[in-house]
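Scroll down for the structure; my scribbles are underneath it.
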Amino acid sequence: MVGDDGYQYGIISSREANSIAATKGFDLVCVAPSAKPPVCKLMDYSKYRYEQQRKAREAKKHQKVVELKEIRMTAVIDTHDFETKLKNGNKFLSKGNKLKVSVRLPYRFVPALVVTGKELLNKFVEGCLEVGELESRIKHDGRYISMVLGPKKN
């Protein structure tokens with residue numbers, strides 16, 4: 017048993033440890049139950065639990081949640097619209113978010129539009145190379161051609 021001030025009582029019975037805890041006004045907490053013999057400590061358990069919760073809240077505050085943003089385009093997009101989408105994509109990547117870029121094809125698309133869509137995505141990747149990098153390759157899935165970009169790792 018270990019006291020609240022770090023004093024080591026040594027190996028004592030559980031009944032004796034409970035009586036010491038009651039006289040000092042602390043809780044008897046088993047900190048290492050799998051050790052031989054089990055290690056118990058005198059502490060104010062509610063205060064200890066509060067401290068642990070506060071540490072967990074602080075850790076949660078400082079962690080960065082990565083969001084997946086999406087930009088949708090069509091295979092026949094105007095240059096100014098493309099530049100606007102590219103600027104927004106660079107902004108998302110510089111903030112540390114992942115970016116899914118997809119090109120939507122019409123219902124009855126011709127194979128030439130698939131080639132145009134893939135070229136458009138390659139052009140988008142080239143425009144984002146300063147702040148991002150390609151995470152998943154360009155894939156064609158039904159009416160959509162898509163890829164995922166991630167923020168650049170320094």
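Take 17 as the starting number for the sequence shown in the numbering used here and just add one per residue. Glycine included, every Cβ here is placed at the ideal spot set by N, Cα and C.
The alpha-carbon separation between Tyr23 and Glu146 amounts to approximately 58 Å.
Secondary structure at Pro53: coil, using DSSP grouped into helix, strand and coil. Between the stretch 69-89 and the stretch 40-60 there are fewer than three C-beta pairs closer than 8 Å, too few to call the two in contact. In terms of Cβ geometry, Gly166 and Leu109 form a close pair [threshold 9 Å].
Rounded to whole angstroms, Cys46 and Tyr25 show a C-alpha spacing of 14 Å. Judged by DSSP in its simplified three-state form, Arg124 adopts coil rather than helix or strand. In this structure, the beta-carbon distance from Leu129 to Leu137 does not fall below 9 Å. Shown here, Ser110 sits in a helix according to DSSP, grouped into three states.
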